[in-house]
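Sequence order for the protein chains is A and B.
The numbering of the first sequence is UniProt numbering, which starts it at 1 and goes up by one.
The numbering of the second sequence is UniProt numbering, which starts it at 1 and goes up by one.
By construction, the Cβ of each residue, glycine as well, lies at the ideal position given by its N, Cα and C atoms.
Remember, predicted model here, so these are calculated numbers, not experimental data.
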Amino acid sequence: MSLVSGPGRAGETSGSLPDELQLTIEPHVRYIQSLDSRRDELEYWLTEHLRLNGLYWGLMALHLMGRPDALPRDETINFVLSCQHENGGFGAAPGHDAHMLYTVSAVQILAMIDALDELERRGKGRALVGSYIAGLQNTRTGTFAGDEFGEEDTRFLYGALNALSLLHMMDAVNVNKAVDYIVSCANFDGGYGVSPGAESHSGQIFTCLAALSIAKRIDLVDVDKLGRWLSERQVECGGLNGRPEKAEDVCYSWWVASSLAMIGRLHWIDGDKLKEFILRCQVCSVSADNSTEINARQDTKMGGFADRPGDMVDVFHTAFGLGGLSLLSFPDLEEVDPV
Amino acid sequence: MASHGVPRPSTITTKDEQARLKEEKDIKDYKTLVDLTSEREYSLEVLELTSKLLTKNPEYYTIWNVRRRLLTYGLFSKPSDSSLPSMELPSTSQTDTTITSSADSSSSSSQATPPSQNSRMTGKTGTTLEAIKNDLAFLVPLLMGWPKCYWIWNYRLWLLQQAKERLDMEIARAMWTQELGLVGKMLTRDNRNFHGWGYRRKIVAELESPELGGSSMVETEFEYTTKMFSASLSNFSALHTRSKLIPKLLNERRSDDGARLRFLTNEFDLIAKALWTDAYNQSAWFYHEYLMTNLLEPVRQSTITPNMSSTERSAYVVLQIENVKEMLEGEEECKWIYNALLGNTMALWQLEERSPMSDELQDCKTWLAELRKLDPLRRGRWDDLEKEFRGF
Ligand SMILES: [Zn+2]
Chain A
1 MSLVSGPGRA GETSGSLPDE LQLTIEPHVR YIQSLDSRRD ELEYWLTEHL RLNGLYWGLM
61 ALHLMGRPDA LPRDETINFV LSCQHENGGF GAAPGHDAHM LYTVSAVQIL AMIDALDELE
121 RRGKGRALVG SYIAGLQNTR TGTFAGDEFG EEDTRFLYGA LNALSLLHMM DAVNVNKAVD
181 YIVSCANFDG GYGVSPGAES HSGQIFTCLA ALSIAKRIDL VDVDKLGRWL SERQVECGGL
241 NGRPEKAEDV CYSWWVASSL AMIGRLHWID GDKLKEFILR CQVCSVSADN STEINARQDT
301 KMGGFADRPG DMVDVFHTAF GLGGLSLLSF PDLEEVDPV
Chain B
1 MASHGVPRPS TITTKDEQAR LKEEKDIKDY KTLVDLTSER EYSLEVLELT SKLLTKNPEY
61 YTIWNVRRRL LTYGLFSKPS DSSLPSMELP STSQTDTTIT SSADSSSSSS QATPPSQNSR
121 MTGKTGTTLE AIKNDLAFLV PLLMGWPKCY WIWNYRLWLL QQAKERLDME IARAMWTQEL
181 GLVGKMLTRD NRNFHGWGYR RKIVAELESP ELGGSSMVET EFEYTTKMFS ASLSNFSALH
241 TRSKLIPKLL NERRSDDGAR LRFLTNEFDL IAKALWTDAY NQSAWFYHEY LMTNLLEPVR
301 QSTITPNMSS TERSAYVVLQ IENVKEMLEG EEECKWIYNA LLGNTMALWQ LEERSPMSDE
361 LQDCKTWLAE LRKLDPLRRG RWDDLEKEFR GF
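Shown next as C-alpha cells:
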C-alpha cells in the first residue's frame with residue numbers, strides 16, 4: 001500500500017446508500033489531526049512504539065481523502081528524521097531501537113509526501129537506509145529479519161522490497177532468492193504464511209502477493225485456488241475475515257480485498273456489501289450533531305473507523321477502512337494502489 | 001493504536017475530575033518508569049525495571065532489546081559469541097547489585113565478581129541457567145495475558161536459543177522440551193492461536209535438530225493434529241499442519257503404494273465424518289479439496305499417492321463425487337456441497353482429458369444455479385464459472 005495516485009475514480013455513486021452509510025470526510029480528517037494532541041491520555045504514551053506507523057497510517061488516510069496537507073509537512077519530516085539511527089535504520093520514535101517495520105514506514109512516509117530527498121539533505125543518506133534494509137536479508141534463504149535479533153517473517157520481506165523499490169535500490173538485495181522463499185511459503189489452499197510451514201493468513205497473503213508484484217512475479221501464484229479461498233473470507237454481514245471461522249474485521253477487509261485485486265479477482269466478492277460493512281465501522285460526528293454538549297475535546301473523538309461496528313476507532317483501522325473503500329472505487333476518495 | 005474488539009462506550013461522557021487526575025498520575029508514573037529504565041548499566045536493578053515496564057506494556061519492543069543486552073553483556077556468566085557492545089558503560093556505583101559484565105569476567109579472573117554479589121543471582125547452577133530460567137518464568141503470565149503479542153513470543157525464542165548456545169545440551173534440551181507443554185496449554189486455551197502454532201513448529205524443529213540431539217517427531221506431531229482436530233472439527237490450523245506433516249510422515253514410514261492408498265482413504269474417511277457432522281464446516285471442505293488435489297495432480301507430482309495410475313485416479317474421483325452427492329440428502333441448502341461437486345466434476349474432465357458428457361454438463365448447470373441462489377456474495381465467481389461452461 002505504498003502510494004496513492006491519480007485522481008479519484010468517477011463512476012458509481014453512493015446515492016443509493018442510506019444516510020448513515022455515507023462517507024463524510026471532515027470528521028475523519030479531524031480525528032487524524034487530533035491524534036498527536038492526546039498527550040493527556042495514557043494510551044498515547046503506551047503506544048509510543050507505534051508512533052511512526054501511526055503517522056504513516058494517518059497520512060495514508062489523509063491522502064486517500066484528498067487532504068495530504070492536513071498534517072504539517074515540515075513537522076512530519078522532522079519527526080521521521082528524528083527516529084533515524086546511525087546505522088540508517090529507523091525506530092518507532094526517538095530513543096526506540098531501529099527495526100525493519102519502522103524503517104519501511106519512514107521510507108513510505110517520506111515517499112508519500114515527496115520528501116525522500118531529505119534523507120540526503122538532513123538525514124543519513126538514502127544509501128545507508130537501503131544498506132540497513134539489505135543487511136537484514138538472510139543470504140541463505142532469501143527472507144528478511146526484523147532486526148539484529150533475527151525474527152523472520154514475510155511481513156519484513158515485503159516491507160524490504162517495498163522500501164527498496166521506493167528508494168530505487170532493488171539491486172541491493174537478492175530478489176530471486178526472496179521470490180523463491182515466498183514460493184516455499186505457499187500452502188494447499190493457495191495462500192501463504194509467515195514462513196514455510198505456517199498457516200495461510202490474509203495479512204501474510206497480502207505481504208507475499210505485494211512482494212511478488214514488486215518483483216513482477218505474480219505469475220507464480222495459483223490464482224484460482226487462492227482466489228476461491230480469499231473470496232470465502234467474506235461473511236454474511238459483508239465484512240471479511242483473515243482466516244476460516246474467524247470474525248470479520250475492517251483491516252482484514254483491506255488485506256483480503258487488495259490481495260484479490262492483485263490477482264484480478266476482486267469481483268469474486270460482493271463489493272457493495274463490503275462497502276456497507278466498512279461504512280458501518282465508522283464514527284461520524286454528523287450523527288451526533290443533535291447533542292448540544294459536544295465540546296472541542298469530544299469532537300476529536302467523533303471520527304475514524306473501528307475494526308467492526310460499535311468498537312473503538314483507531315488510526316490503523318481508519319487507514320485500512322478508507323483503503324478498502326478506495327479499492328472499491330468509492331466516490332470522493334483517491335484511487336489506491338493495492339501494493 | 002490498533003485496537004481489536006474494544007467496545008465503544010455507548011455515550012460520550014466527560015471524564016470527571018477524579019478520573020482525569022488519576023490518568024494524569026498514571027501517565028506521570030509510566031513516564032518516570034520509562035525514564036528510569038535506561039540502559040545505564042547492566043544490572044539486576046535495571047532488569048527488574050524492565051520487568052516492571054514490560055508487564056505494563058509488553059509491546060514496547062525496545063525494552064525487550066534492552067533486556068537482551070542486559071543478559072548478553074551483563075548477567076550471563078559465559079561470554080557470548082556475538083561481539084560485545086562498542087559503547088562504553090558508565091562505571092557502576094559500588095553499592096548497586098551490578099553483576100560484572102561478561103567482558104570483564106572473561107578478560108581477567110582478578111576482576112571476578114565477589115561471590116556475595118554473585119549469589120544474589122546465580123544459585124548453585126550458574127548465572128546463565130538461573131537467568132534464563134527466571135526469565136522464562138517471568139514470561140509465562142505475560143504470554144497468558146497477551147497471547148497475540150509478537151515481541152513476547154520472539155523474546156522467549158531468543159532466550160531458548162541462548163540456552164542452546166550457552167548451556168549443556170541436556171539442560172537446554174530439557175528447557176526446549178518443556179515448551180511443548182506450555183504451547184500445548186496455550187493452544188488448549190485458544191486452538192487457533194496463530195503464534196501458538198508457529199511457536200510449536202519452531203520448538204519441534206529445534207527438538208528434532210542434531211544440535212539438541214534430536215530425531216524426527218513427525219509421528220507424535222501428526223497425532224497431535226488428530227487430537228486437536230477431533231476436539232474441534234473446524235480447526236483449520238490443525239488441518240493445515242496435518243497437510244504439512246503428511247509428506248514427511250509417509251517418507252519416514254517408507255510407505256509403499258498400498259499403504260499410501262490406505263492412508264489416503266483414512267484421511268477421506270476422517271474428513272467425511274466431520275462433514276457428515278456439519279456440512280457447513282468450511283475448514284473440512286478445504287481439506288477435502290486438498291485430498292482431491294492429490295488425485296487430480298499429474299502422476300508423480302502428488303504427495304500422498306504418487307504412483308497411482310490415471311485410471312485408478314479417475315475411479316477414485318468418481319467415487320468421491322458419489323460420496324459427496326449422498327451428503328445432499330437433507331442438506332439441500334448447503335452451498336459447500338454444490339461447490340465441491342462442481343469443482344470435482346470439472347476436474348474430472350481435465351483428468352480424463354475429455355469434454356463433459358451432456359448429463360454431467362446438465363448437473364453442473366443445476367449445481368451452479370444452486371450456488372447462485374445460496375451464495376449471492378460470490379456471484380462474480382459464479383459468473384466466471386458460467387463462462388467456462390460456454391466453452392463446451
Ligand atoms: Zn483489525
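Practice task
Anything in the stretch 32-66 of chain B with a Cβ closer than 7 Å to a Cβ of chain A? List those residues in chain order, please.
Solution key: N57, E59, Y60, Y61, T62 and N65
Practice task
To the nearest angstrom, report how far apart residue 416(B) and K124(A) are at their CA atoms.
Solution key: Limits of chain B in this structure are 1 at one end and 392 at the other, which puts residue 416(B) out of reach.
Problem - C281(A) Cβ short of 7 Å to ligand 1 heavy atom set - result: no
Exercise for the section: Report the residue from A98(A), L116(A) and R67(A) whose alpha carbon sits nearest the alpha carbon of N78(A). Expected result: L116(A)
Handout entry: Rounded C-alpha distance that separates R38(A) from P68(A)
Key = 21 Å
Practice task
Kindly list the residues whose CB is nearer than 8 Å to the CB of Y280(B), restricted to its own chain and excluding five residues on each side of it in sequence; keep chain order.
Solution key: C334 and W336
Practice task
Starting from the beta carbon of P244(A), find every residue of chain B whose beta carbon is closer than 8 Å, and list them in chain order.
Solution key: S234, F236, Q282, S283 and F286
Problem - Buried or exposed (CB count within 10 angstroms, at least 16 for buried), A112(B) - result: Because A112(B) sits at a pLDDT of 37, beneath the cut-off of 50, its placement in the model cannot be relied upon, and the following sentence gives the value as read from the coordinates. Per the 10 Å Cβ criterion, exposed.
Exercise for the section: Answer yes or no: does any C-beta atom of chain B fall closer than 8 Å to that of R9(A)? Expected result: Any answer about R9(A) is weak, because its pLDDT of 31 lies below 50 and its placement is not dependable; what the coordinates show is given next. No, its Cβ sits nowhere closer than 8 Å to a Cβ of chain B.
Practice task
Give every residue of the same chain whose Cβ lies closer than 7 Å to the Cβ of A186(A), excluding the five residues on either side of it in the sequence, and list them in chain order.
Solution key: Y192
Exercise for the section: Anything in chain B within Cβ reach of Q234(A), meaning under 9 Å, just list it in chain order. Expected result: L377 and R378
Handout entry: Proximity below 8 Å, CB of I304(B) to CB of F263(B)
Key = yes
Practice task
Output, in chain order, the set of chain A residues within a Cβ distance shorter than 8 Å of V299(B).
Solution key: Neighbours of V299(B) on chain A: none; closest Cβ ~19 Å, over 8 Å.
Exercise for the section: Please confirm if G304(A) has its CB atom under 8 Å from at least one CB of chain B. Expected result: no
Problem - Cβ of A268(A) within 8 Å of any chain B Cβ - result: According to the sequence shown, residue 268(A) is Trp rather than Ala. Yes - at least one Cβ of chain B is within 8 Å of the one on W268(A).
Exercise for the section: Ignore the nearest five residues each way along the sequence and tell me which others in residue 352(A)'s own chain have a CB closer than 6 Å to its CB. Expected result: Shown here, chain A extends from 1 to 339; a query on residue 352(A) therefore has no answer.
Handout entry: Shell residues, 5 Å Cβ cut-off relative to heavy atoms of ligand 1
Key = D249(A), C251(A) and D307(A)
Handout entry: Residues that I27(B) contacts on chain A, provided the C-beta gap is smaller than 9 Å
Key = R39, D40, E41, L42, Y44 and W45
Exercise for the section: List the whole-angstrom C-beta distance separating V107(A) from L166(A), where the pair is believed to meet the contact cut-off of C-beta under 8 Å. Expected result: 5 Å
Handout entry: Enclosing alpha helix (DSSP H) for Q18(B) [first to last residue]
Key = E17 to L36
Handout entry: chain A contacts from the stretch 185-219 of chain B (Cβ-Cβ distance under 8 Å)
Key = R192, F194, W197, G198 and R201
Practice task
May I ask you to list the residues that DSSP assigns as paired with L240(A)?
Solution key: Q234(A)
Handout entry: Three-state class that DSSP yields for residue 429(B) in the structure shown
Key = Because residue 429(B) is not part of the residues shown, which for chain B are 1 to 392, the question remains open.
Practice task
Hey, could you find the ends of the alpha helix (DSSP H) T139(A) is sitting in?
Solution key: Counting along the chain, T139(A) falls outside any alpha helix (DSSP H), and DSSP gives it neither H nor E.
Practice task
Decide if R354(B) is buried, meaning its Cβ has at least 16 other Cβ atoms within 10 Å, or exposed.
Solution key: exposed
Exercise for the section: Give me the Cα-Cα distance between L126(A) and A172(A), rounded to the nearest whole angstrom. Expected result: It is Arg, not Leu, that sits at residue 126(A) in the sequence shown. Going by the C-alpha atoms only, they are around 12 Å apart.
Handout entry: Min CB distance N138(A) to chain B below 8 Å
Key = no
Problem - Residues near residue 397(B) by beta carbon distance below 8 Å, same chain, minus five either side - result: Only positions 1 to 392 of chain B appear in the structure, and residue 397(B) is not among them; the question remains open.
Practice task
Per DSSP, which residues does E152(A) bridge with? Please list them.
Solution key: A145(A)
Handout entry: Beta-carbon proximity of E276(A) to L21(A), cut-off 8 Å
Key = yes
Problem - Backbone secondary structure at A115(A) - three-state DSSP - result: coil
Handout entry: Residues near E118(A) by beta carbon distance below 6 Å, same chain, minus five either side
Key = I77
Exercise for the section: List the endpoints of the continuous alpha helix (DSSP H) containing G145(B). Expected result: T127 to G145
Practice task
Thinking W158(B) and F149(A) are a contact (beta carbons under 8 Å), I'd like their distance in whole angstroms, please.
Solution key: 6 Å
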